[in-house]
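Residue numbers (our numbering): 237 to 320.
Working notes, structure below.
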């Protein structure tokens, strides 16, 4: 079974991770460890805005649709490591 790779794009890594967890699991069925692993994989994967297949406009549209209080002038959230 393929494992996620640091530096690969996040969608590829999440696909590998969810294949390990099982695609039939609901979010509420994931353990705390599985949720933390998902967050870590997303943080250590290639950033979406660095991926040539996604334009800044497309990413901004998604943020406007799904994130409250977001505007195009917002700065990214501080990227300090998770404190644990």
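Beta carbons: idealized from backbone N, C-alpha and C, even for Gly.
Nearest by alpha-carbon distance to residue i: which of the options is it?
| i | options | result |
| --- | --- | --- |
| residue 256 | 293, 292 and 240 | 240 |
| residue 272 | 291, 290, 289 and 250 | 250 |
| residue 210 | 278, 293 and 290 | Outside the displayed span of the chain (237 to 320) sits residue 210, for which this structure offers no information. |
Taking all protein chains shown into account, do 16 or more other C-beta atoms lie within 10 angstroms of the C-beta of residue i, making it buried, or fewer, making it exposed?
| i | result |
| --- | --- |
| residue 263 | exposed |
| residue 253 | buried |
Ordered along the chain, which non-local residues of its own chain (more than five positions away) have a Cβ less than 7 Å from that of residue i?
| i | result |
| --- | --- |
| residue 270 | 257 |
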